[in-house]
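These notes concern the structure reproduced below.
Residue numbers (our numbering), protein chains in the order written: chain A, 1 to 150; chain B, 151 to 627; chain C, 628 to 1060.
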């Protein structure tokens, strides 16, 4: 009787260990799937690599001619938390977002006070961009340019 | 500037590497260092794991119980019978681990004898109870009592052993401690604080772990080295106190205890314990030869005992090169440090006709029914010196005890020839320690004794008296 | 979050079931080994805990939360293991820990809902710095602060003590993320060179050096090595992530070594820790200050591959095992195999957190997620390293597993923030247009 109990107890202990590993393996698989999609995303980002080139600026803003690298999702605004920080009174804290989706660049106004201009016309929803398009935020003019392939 | 994503990847990689290293570190403790830690006497696991059942008994040569388990509350607690054997029997505390025989023979005492791996496995994984055996020591109660009585509470140590087998017959180390307090959960912390923090170090087994300069007892080894290297014991050596080999010694000189002037042969030198004679002998041999023989006699090497034993040293640097150091070492001063057990074993080589013996406290492991499982035999070792050298030295040492005016007269036993040598070990602070080593009967020795009395004040004279009392008890006189 | 459409979170649910089974199996083993028999009533507490987490899952589903589905189950699995160990090592603390789980779940839910916009956190960075400082100093205020085991790092709150530094670690990450997102360009640039050493513009280093100083002061006044080390680690890691300059962590580590060396000679409590680390089983220390660590090592040695079996080891020999030495206790009973799985769980959690950081849409959110994930990694490494005598022992807790309320509550807030970042990412990436 005592031995049976000891054996059952050990079975439960080993079950605990087995469950520990099963749990780990499941979690690891899930992580692996995420890593795989991340790799794809990274490759896509690679091919979509682009810059905003500063066309017009002023004393407090970014230097004209400087290139600002874009990320898959790039936020633009006056606030420090943005990927591209524009020091301009007419820019809102969160002004605009550029995103790379399905091989295309998209521009979207983030609810700014003074609006975002794409090729001189204000945008109200997400707009598809082409290389060479000009975006105006406050007094700063930016142009989308494709990065030279590495 | 590097993109943030790249930095995050590098950081993650660094973290992964650190995780790998950490798991290797954990693996080190669980596998590589595990055997050593599991056997560590201070690891209370084995003791506490079996607290709900009695441990095996520890008994002496005649079956007298030295340690036994008794139920106290819901656990079994140890009871120790003989305080004079505290450092030998040791203790088995749930908190402070085990020491002494309790630690060294732990597996046998909890029914997991190392010779039975299957039993150990069943105990670990099935919680099955092994049947504890008993450990029988070779301690002889009447010799032990004589040694304890003769030492009369003075700080020091006495060890008696059989030179033919290496069996330890008596072992006293004072001050001692009350092991019963250390295993009582209610008193263990206070008791531990008192013995562990005590400047007189009662936990140390002075017999095997106490280190002292050997004083004149070292002359036995110097004498043996000289005899083995062609020195004729009858050749006289001039002694003039004080002695300097040359001017380079500066202020330093070897002193004769008797401020002697005259010609000494080896017999007289042993009787009078003449330092200058042995200093000259040592210088004549040279440091390398002296060191070689000291090592052959087991100095500067821990004896292969079944309890912890200290190693001692020949000199701070381990070699003998400077003439002053060679001269001082020849009569047992210099930087020499030895344990009483080492001196007893060196003496046993003389008593055993030049053959080394391996010492041991335990005599036999018994199963639960009391039948012997295995006997502990100290395998006899190699021939260290020629039997002839041992015979000559035995004669010289007999003279050192019974010749008129010999220092070691206190060790005389009526009707038996005793061989022996006293010693006075100068120490940096306090009065010198007193030594005696000896054996009897000189023609067919059955017992060797070594005695040290710390800061004795009276040289080796008192130590020789203690030695004599032990020899008398051992020989049944 | 105007659109509260429920969304299916199937992956999360499946993994939660595994975590639940794991917890129950552990509980059954521990209770059965202790009592010699098994009564189902013993499962009331773990079932309650799992129910709390099931509610959290339903809450995420109900609010249409689109964040990560792996993080919560991992945290739940670790918390479950923690409960098994509390039952094993300190059953009298079980109900108290249950109370803390309920509070932690509440804190998690609150963090999921508030603030509505995460970037708000970055905007008020100096407010966060101030809050952090106040929290740090709080234990020193007489009447509120309490000294336990020689470290003055506790404050009294309603149901017991709280260690403010646990909350400070999150506040610090928010502050650093906000500050570094703003100034990373400058800090990454090189303005002056002294030989091979490049110095960034000094004024921008001032806030950062101030933080270093504060961390050192904490060590002096509150005698808390663990928190000091953690703050400094967060600071160096985030500085590196923001600027990509290896010279920052290298210089920081040098400062730490120098600081540590000075502290070794100046402060007894630091010297004592280091001495214990070097030789815990030495004859001087093994029954004194080295007792805890040497007993911990004995526990590890007893582990082997499969361990002594849950409930069959003797980790209770280690003093305060339920908070400082849970890892050794776990390893002793579940073996090296269990320890390896536990370490791997943490690594998966950290990887997942770092992945969230990689994907996050703004620099601030990236730094935030990386910093939070780093906390989990760092605490795990430091305490396990301490338990296994690889580095000196500090009072840092093993995230989710070690007993302790402040730790549990703040760690659940931490993963809630991580989930929020992944939620933002998911919304930005798949925003309808």
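For glycine and all other residues, C-beta sits at the position ideal for the given N, C-alpha and C.
- According to the DSSP secondary-structure assignment, residue 533 of chain B is paired through a beta bridge with B:505.
- For the segment 881-906 of chain C, the set of positions with a beta-carbon nearer than 8 Å to some beta-carbon of chain A is empty.
- Per DSSP, the continuous alpha helix (DSSP H) segment holding residue 684 of chain C begins and ends at 671-689.
- Excluding five sequence positions before and after residue 446 of chain B, the CB atoms of its chain that fall closer than 7 Å to its own CB belong to 534, given in chain order.
- Comparing alpha-carbon positions, the option among B:540, B:317, B:239 lying closest to residue 594 of chain B turns out to be B:540.
- In this structure, DSSP gives residue 525 of chain B an extended state, which the three-state scheme calls strand.
- Annotation for residue 455 of chain B: no beta strand (DSSP E) segment contains it, and DSSP assigns it neither H nor E.
- Closer than 8 Å to the CB of residue 91 of chain A there is not a single CB belonging to chain C.
- Secondary structure of residue 69 of chain A (DSSP, three-state): strand.
- In this structure, residue 848 of chain C sits away from residue 1033 of chain C, with a CB-CB distance that is not shorter than 8 Å.
- Secondary structure at residue 1003 of chain C: helix, using DSSP grouped into helix, strand and coil.
- Note on residue 402 of chain B: under 16 other CB atoms within 10 angstroms of its CB, so exposed under the neighbour-count rule.
- Residue environment: residue 495 of chain B is assigned as buried (16 or more neighbouring CB atoms within 10 Å of its CB, all protein chains considered).
- Not a single CB atom of chain A sits nearer than 8 Å to the CB of residue 673 of chain C.
- Residues of the segment 689-712 of chain C with a C-beta less than 9 Å from any C-beta of chain A: 695, 696, 697, 700, 701, 704, 708, 711, listed in chain order.
- Under the DSSP assignment, residue 602 of chain B falls outside any alpha helix (DSSP H), being part of the beta strand (DSSP E) whose first and last residues are 597-603.
- For residue 136 of chain A, the enclosing beta strand (DSSP E) starts and ends at 134-137.
- Between the beta-carbon of residue 611 of chain B and that of residue 590 of chain B there is about 18 Å, and that puts the pair past the 8 Å contact cut.
- In this structure residue 94 of chain A is in contact with residue 110 of chain A, their Cβ atoms being roughly 5 Å apart against a cut-off of 8 Å.
- Judged by DSSP secondary structure, residue 243 of chain B falls within the beta strand (DSSP E) whose first and last residues are 241-243.
- DSSP, reduced to helix, strand and coil, places residue 904 of chain C within a helical segment of the structure shown.
- Rounded to the nearest angstrom, the gap between the Cα atoms of residue 497 of chain B and residue 210 of chain B is 25 Å.
- Counted as a single uninterrupted DSSP element, the alpha helix (DSSP H) harbouring residue 862 of chain C occupies residues 852-870.
- For a cut-off of 8 Å, the C-beta gap from residue 140 of chain A to residue 30 of chain A is around 43 Å, too long to register as a contact.
- Contact check for residue 869 of chain C against residue 924 of chain C fails: the beta carbons are separated by 8 Å or more.
- For chain C, the residues of the segment 116-147 of chain A that bring a beta carbon within less than 8 Å of one of its beta carbons are 125, 126, in chain order.
- For the set C:735, C:950, C:669, C:677, the Cα lying nearest the Cα of residue 647 of chain C is the one of C:677.
- Between residue 440 of chain B and residue 448 of chain B, the gap from beta carbon to beta carbon reaches 8 Å or more.
- Secondary structure of residue 258 of chain B (DSSP, three-state): helix.
- The DSSP-derived three-state label of residue 991 of chain C is helix.
- When secondary structure is reduced to three states using DSSP, residue 513 of chain B falls in the strand class.
- Under the three-pair Cβ rule at 8 Å, the segment 891-909 of chain C does not count as touching the segment 870-883 of chain C.
- Under the DSSP definition of a beta bridge, residue 208 of chain B partners with B:217, B:285.
- In the pairwise beta carbon analysis, the segment 234-247 of chain B is classified as not touching the segment 165-180 of chain B: fewer than three pairs are separated by under 8 Å.
- In the DSSP assignment, residue 650 of chain C falls within the unbroken alpha helix (DSSP H) covering 637-662.
- Taking a cut-off of 8 Å on C-beta distances, the segment 684-704 of chain C touches the segment 633-644 of chain C, as three or more cross pairs fall below it.
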